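A short write-up of the structure that comes next.
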Amino acid sequence: MTTTQDHLATDRSVRRYERIDDLLPDVDNPTPLVRAHTTNALELYLKLEWLNPFGSIKDRTAAYLLAGMDETGKLDQHELVEPSSGNTAIALAALAALRDTKLTVTIPDGVPEEKKILLRMLGAEVWATPDDLCPVDHPKDGAIALARSLAASEGGNKYAMPNQYENPDNVKAHYETTGPEIWRQTEGRVRVFLAGFGTCGTITGVGRFLKEQDPEIRVVAIEPQRGHRLPGLKSFAEASEPGILDRSVVDEVIRVDDEPAYAETKRIWREEGLMVGPSTGAIVHAANQLSDEGIAAGVSPDSGLKYTSYFAELLGDEGLPG
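In this note's numbering, the protein residues as written are 2 to 323.
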């Protein structure tokens, strides 16, 4: 029989935890930085956010969104509804499961099946959403429109919506954790920070923190082209800008096509053994376009294990090496 004296409490020094959410990162428990190859003078380090407990940088966002809602009482006797391209929803679903809260996710039709399966395994209700729910000027915002409609249904009494695109707690998560981690891990020597346009919590929060430490640090945003297949990234030619985006911290925007992003992703797997997702390939490709020198930090938001169906198409006639 186990007694109180036998109980093993969480102890990060020996990597022992009571619950999976105890693994969420902070300055004293950061995700790793790993050097990546570039073709220019940049010394690029990727922050491997796929080593977070639920598999992406959105673990930070989801935890802060729910904490903020708890503080304001917005979660009291409500179910959750949230639009997502997958990663925030997966983290929310895992955290919701821990608290026995129901989650409904509205997700774009084109998101890889792997993500939809993960969400259902975590108990979320998944509504795949066609893009044509939205006005012509923002054809990629269908999932957001549906989530807002659900949140407003039944007099707003059933669902609470974290609203990652508008909620300042998304920015706060990266201002208080990701940014300080990068500053500490690079010993304050980082000169360039790269992240994709998505919900824009990462680039706003990290960019704001780093520029407060040194205004000369350059913040570079990666934006895909219209009609892209880079999940998690947004082209503002077809989607509205999130309300939390602070363009004053962005020094340069580099637009990346799918083909070089996927080519770089495959190179990273085969030459560096880093099983990254395609948005990481886009970020490394963008880093290679820069004339800057010195240390750069780029976000590697998630792993490629959520995109194997996409990669099967990429390999084509080459097939899977056996």
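We treat Cβ as the ideally placed atom computed from N, Cα and C, and that holds for glycine.
It should be emphasised that the depicted structure is a prediction, and the values quoted were computed from it without experimental measurement.
Following the DSSP letters along the chain, one finds Phe194 in no alpha helix (DSSP H) but inside the beta strand (DSSP E) bounded by residues 191–197. Sequence-distant Cβ neighbours of Ile269 in its own chain, meaning closer than 6 Å and more than five residues away, are Leu275, Val277. Looking from the CA of Trp184, the closest CA among Lys117, Gln214, Lys159, Pro169 belongs to Gln214. Pro279 is positioned such that its CB atom lies closer than 9 Å to that of Tyr308. Taking 9 Å as the cut-off, the Cβ atoms of Gly299 and Tyr18 do not count as close. In chain order, Val127 place their CB closer than 6 Å to the CB of Lys117, counting only its own chain and leaving out the 5 sequence neighbours on each side. By the neighbour-count criterion, in which a residue is buried when 16 or more other Cβ atoms sit within 10 angstroms of its Cβ, Leu96 is buried. Boundaries of the alpha helix (DSSP H) around Thr62: 59–73.
Under the Cβ criterion (8 Å, minimum of three pairs), the region 47–58 counts as touching the region 83–94.
For Gly295, the uninterrupted beta strand (DSSP E) segment begins and ends at 295–301.
For the pair Asp142 and Ser241, the CB atoms are nearer than the 9 Å cut-off.
Under DSSP, the beta-bridge partners assigned to Ser304 are Val277. By the beta-carbon neighbour count (other beta carbons within 10 angstroms, threshold 16), Met122 is exposed. Non-local C-beta neighbours of Ile284 in its own chain, meaning closer than 6 Å and more than five positions away in sequence, comprise Leu195, Ile223, Gly299, ordered along the chain. Between the region 230–241 and the region 202–216, the count of C-beta pairs closer than 8 Å stays below three; the two stretches do not touch. Of all alpha-carbon atoms in Ile245, Ala313, Arg271, Val221, the one lying nearest the alpha-carbon of Arg256 is that of Val221.
Arg185: member of the alpha helix (DSSP H) spanning 180–186, first to last residue. At the C-beta level, Thr32 and Glu182 come within 9 Å of one another.
When Ser304, Thr73, Ala129 are compared, the shortest CA-CA separation from Ala146 is found for Ala129.
Between Pro302 and Glu50, the CB-CB gap stays under 9 Å.
If the five residues before and after Lys59 are omitted, its C-beta is found closer than 7 Å to the C-beta atoms of Asn88, Thr89, Ala92, all from its own chain and listed in chain order. The three-state secondary structure of Pro131, taken from DSSP, is coil. Per DSSP, Tyr311 lies in no beta strand (DSSP E); the unbroken alpha helix (DSSP H) holding it starts and ends at 309–316. According to DSSP, residue pairing for Pro109 in a beta bridge involves Thr130. Here DSSP, grouped into helix, strand and coil, assigns Leu25 to coil. Residue ranges of uninterrupted alpha helix (DSSP H) with 4 or more members, entirely inside the region 233–279 and ordered along the chain, are 259–273.
Judged by beta-carbon spacing, Phe198 lies within the 9 Å limit of Ser236, meaning their Cβ atoms are closer than that value. Rounded to the nearest angstrom, the gap between the Cα atoms of Asp71 and Arg100 is 12 Å. In this structure Leu246 is in contact with Cys201, their Cβ atoms being roughly 4 Å apart against a cut-off of 8 Å.
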